[in-house]
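Notes follow the structure.
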Amino acid sequence: MTMEMKDSGSVVLTAYHPHSPARIPGMEQSFVQDIPPGHSPSSRKSLSRCRRINRMLSNESVPPAFSRSNSQASMDSTSMEDFWCEVESIKQSREDGSEEAMLLEFKPADEGELEAEWLQDVGLSTLISGAEEEDGQALLSTLTRTQAAAVQKRYNTYTQTLRKKNKHTVRDVRDIFGTSDSSPTFETVPVSPVSSNGIQLPGQKPVWKSVSSKSCLDCGIDKGSPSITEELSYDVSFSESITVLPKIQEWPKNQRFKKEDSALPKFIVRKSRFGLTEVGDLSPEDMKKIRYLSLIELTAFYDALGVELKRNRVERVRGRENGLFGVPLTVLLENDQKKVPGIKVPLIFQKLLLKLEETGLETEGILRVPGSASRVKNLRQELEAKFHEDTFDWDQVRNNDAAGLLKMFIRELPSPLFTVEYLPAFITLVEKISKIKLQLQALHLLIMLMPEANRDTAKAFLQFLKKVVANEGKNKMNLWNVSMIVAPNLFIYKGKRANQQEMQAAATTAHIVRLLIRYQDILWTVPSFLISQVRKMNEAAMNNSKRQLMFDKGVRKLLRRKTMERERPEKPEGAVTFPPYLQSDIPEGVIRVYAPLHSKVSMAIQLNSQTKAKDILARFHCENSRGSSQNMRGQIQSLHEIGGNIGQHCLDPDAFMLDVYRANPQAEWVIKPKAS
296 MTMEMKDSGS VVLTAYHPHS PARIPGMEQS FVQDIPPGHS PSSRKSLSRC
346 RRINRMLSNE SVPPAFSRSN SQASMDSTSM EDFWCEVESI KQSREDGSEE
396 AMLLEFKPAD EGELEAEWLQ DVGLSTLISG AEEEDGQALL STLTRTQAAA
446 VQKRYNTYTQ TLRKKNKHTV RDVRDIFGTS DSSPTFETVP VSPVSSNGIQ
496 LPGQKPVWKS VSSKSCLDCG IDKGSPSITE ELSYDVSFSE SITVLPKIQE
546 WPKNQRFKKE DSALPKFIVR KSRFGLTEVG DLSPEDMKKI RYLSLIELTA
596 FYDALGVELK RNRVERVRGR ENGLFGVPLT VLLENDQKKV PGIKVPLIFQ
646 KLLLKLEETG LETEGILRVP GSASRVKNLR QELEAKFHED TFDWDQVRNN
696 DAAGLLKMFI RELPSPLFTV EYLPAFITLV EKISKIKLQL QALHLLIMLM
746 PEANRDTAKA FLQFLKKVVA NEGKNKMNLW NVSMIVAPNL FIYKGKRANQ
796 QEMQAAATTA HIVRLLIRYQ DILWTVPSFL ISQVRKMNEA AMNNSKRQLM
846 FDKGVRKLLR RKTMERERPE KPEGAVTFPP YLQSDIPEGV IRVYAPLHSK
896 VSMAIQLNSQ TKAKDILARF HCENSRGSSQ NMRGQIQSLH EIGGNIGQHC
946 LDPDAFMLDV YRANPQAEWV IKPKAS
């Protein structure tokens, strides 16, 4: 997408400095809307509201004079009016007591503290404590060149700060990593392309197959709209793929976002022979490692772009421990899981979405037209009292009131749905770099960083918003309209000095929501280079464990004694004895697949270059179509890769099994229901 100057249907993009002092040069101008001739008095009322908001957010008692020609913050009324009306609606809701005020406190950072927190957040607390931990060593052994440089830069800053403060003696980085050069470096992984979702095989080049529209993620505009199609690759890390540094500059004062949906490019992610992996397809242990690596990669990505990655340091707010609104997502899920085991999205949030999907998707102005404030307040109180007893009457809830409750739920979360730590840095990137592909890559890594409860809830919310946009013909809510309404609810979080900064980034936050909705299928796919690094990390940890085992004299002595005794170990209680044909060694290229829920629980399958995961599933289904239980027939079965260099991995049906097998020959292969 290119940023173009345009007078109609566009938005001025203003410079935004999230970590500047409270009074920032150029930020004193107010956001004011022009009223085109012939607009109704309601538009003038909207203008008056916006001016009141600006006075509230600024330190000025009277707003400065507005000049269309030189204001950094001028906004086209047809493009941003919905945003400001939503802001005013939120403000009124808080003032009339419908919402409980809960402020996020931002902590000032001492020199070196941000680097120390960063090292802890990426799983490298051993560099601070000096302890020898295998996980930290394994993580360091997987880093690419740019990732290692990012870690080294933060660690050097941290150690130099400690030496200046004379807090305690800090070990030289050369002592930790065994380097003799005065400029310490980490041992890095070669940056040659790696096979998607696997590890680089000797002498093998990544193989791309001819694909149809069903074998790739296709995220972009509707068919028939003029747009350039661009292919995304996950084989090489984003930071390593930046070969030419984009030109970094503040956008001109009259620079505008194009609000038309056709302005967004069309991206496709073609499936490699390893298929694609969604966030729910990996085990929690491996997703924890994905988060470590994502933060390192995000930092390296910003370093490569020449953009500073800053973060908000937020005092954690506990929130309420019971109820529905203002309760942390983790607490809600903990309570709901007692009723529905394994649930990933709070029940109240699911019910609100379901209500709107069943009756509200075709309602004109849904999300935009506010419900009655008094009705919403009463419905909230009634929900708090009756929801868990299943006595609440959902038929009485009007669609606009349900939308108001949904937005209120999101606003009142003690910690924002999209965590605020790195939001200012992303806003800065969007305003400094116009290339949508780079914005999307940064946003992708931010999604990987989200806590599991936030990410699952956000996914459900964005899927709903996508359905709203799909019904634009009846509800009159296009992608830009929905983005403007949702942005204040997601990103104007409650905190001191927060509003002024976020208001200045109004167009940018709406653009972020637009990217989230449009490209959500891409954003919830785990980049394959991160999965490859997790595999290497697990392999390094296993090798460290083996070396430790070999050097443990006590263990070696015990093994010798057991060998000399030549006694069979007693059969554990409840253990299963497999027939001899299941215990025999499996030839090369043959895997044994287990299906505990099928009548035929095991099958040896010879793999060839064209065998896919779905072929194995089809074979089991055919063999067991008569003997399978009724409960199993209603479940979606998937082939899982378990153990070896991965914790657990639900395979894409289009994954070529011989490639996956060669990447992880020690794995077990199990057919079972996919986690919902």
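Note that this note's numbering has the sequence shown beginning at 296, numbered continuously upward. Just so you know, even glycine gets a beta-carbon here, dropped at the ideal spot from N, CA and C. Bear in mind that the values here come from a model prediction, so they are computed numbers and not experimental data.
Check: Identity of the residues DSSP links to residue 889 by a beta bridge; Outcome: 897, 965
Check: Buried versus exposed call for residue 885 [16 or more other C-beta atoms within 10 Å across all chains shown]; Outcome: exposed
Check: Enclosing alpha helix (DSSP H) for residue 778 [first to last residue]; Outcome: 774-786
Check: Sequence-distant residues of the same chain with beta carbon closer than 6 Å to residue 597, five excluded per side; Outcome: 604
Check: For residue 607 and residue 725, believed in contact at Cβ under 8 Å, the rounded distance; Outcome: That pair is no contact at about 16 Å.
Check: CB contact flag (residue 781, residue 763, <7 Å); Outcome: no
Check: Residue 441 versus residue 573: straight-line alpha-carbon distance, rounded; Outcome: 25 Å
Check: Classification of residue 978 by the beta-carbon crowding that lies within 10 angstroms, buried from 16 upward; Outcome: A question about residue 978 goes unanswered here, because the residues of the chain that appear run from 296 up to 971.
Check: Under the three-state DSSP convention, the category residue 736 falls into; Outcome: helix
Check: Residue 527 to residue 810 span [Cα, whole Å]; Outcome: 15 Å
Check: Integer Cβ distance of residue 888 from residue 966, believed to fall under 8 Å; Outcome: 6 Å
Check: Element boundaries [beta strand (DSSP E), containing residue 565]; Outcome: 561-565
Check: Rounded Cβ spacing between residue 910 and residue 570 (contact assumed at less than 8 Å); Outcome: Not really, about 13 Å apart at Cβ, beyond 8 Å.
Check: Proximal residues to residue 774 (C-beta, below 7 Å), its chain only, five neighbours per side dropped; Outcome: 556, 764, 809, 812, 813
Check: Closest residue to residue 656 among 708, 523, 770, 743 (Cα-Cα distance); Outcome: 770
Check: Residue burial classification, residue 936 (beta-carbon count within 10 angstroms, cutoff 16); Outcome: buried
Check: Rounded C-alpha distance that separates residue 431 from residue 898; Outcome: 39 Å
Check: Simplified DSSP state of residue 448, which is helix, strand or coil; Outcome: helix
Check: Alpha carbon of residue 902 to alpha carbon of residue 524, nearest angstrom; Outcome: 35 Å
Check: Three-state secondary structure (DSSP) of residue 932; Outcome: strand
Check: Separation of residue 376 from residue 303, as counted between CA atoms; Outcome: Bear in mind that the predicted position of residue 303 carries a pLDDT of just 36, short of 50, making it unreliable; the figure below should be weighed with that in mind. Computed Cα separation, rounded: 14 Å.
Check: Residue 477, buried or exposed, once every other Cβ within 10 Å from all chains shown has been counted against 16; Outcome: In this predicted model, residue 477 has a pLDDT of only 40, less than 50, meaning its place in the structure is not dependable; the value taken from the coordinates is given anyway. Residue 477 comes out exposed.
Check: Cβ pair residue 784, residue 702 closer than 7 Å; Outcome: yes
Check: Straight-line gap, residue 800 to residue 939 (C-alpha atoms, nearest Å); Outcome: 47 Å
Check: For residue 938, the three-state DSSP class (helix, strand or coil); Outcome: strand
Check: When 452, 669, 828, 891 are compared against residue 592, the one with the closest alpha-carbon; Outcome: 828
Check: Cβ-based neighbour list, residue 410, same chain, cut-off 6 Å, excluding 5 preceding and 5 following; Outcome: 449, 452, 453
Check: Beta-bridge pairing of residue 907 - partner residues as DSSP gives them; Outcome: 951
Check: As assigned by DSSP and simplified to three states, the class of residue 577; Outcome: strand
Check: Residue 647 vs residue 631 beta-carbon contact at 7 Å; Outcome: no
Check: Proximity winner among 953, 388, 964, relative to residue 669 (alpha-carbon distances); Outcome: 388
Check: Cβ-based neighbour list, residue 969, same chain, cut-off 7 Å, excluding 5 preceding and 5 following; Outcome: 931, 933, 945
Check: Where residue 955 falls, given that 16 or more other Cβ within 10 Å makes a residue buried; Outcome: buried
Check: Residue 456 - DSSP class collapsed to helix/strand/coil; Outcome: helix
Check: Check whether residue 664 and residue 695 have beta carbons under 7 Å apart; Outcome: yes
Check: Contact set for residue 337: own chain, Cβ-Cβ below 8 Å, skip 5 residues either direction; Outcome: Interpretation of residue 337 is limited by its pLDDT of 41, a score under 50 that renders its predicted location unreliable; the figure taken from the coordinates is listed afterwards. So no residue of the chain qualifies.
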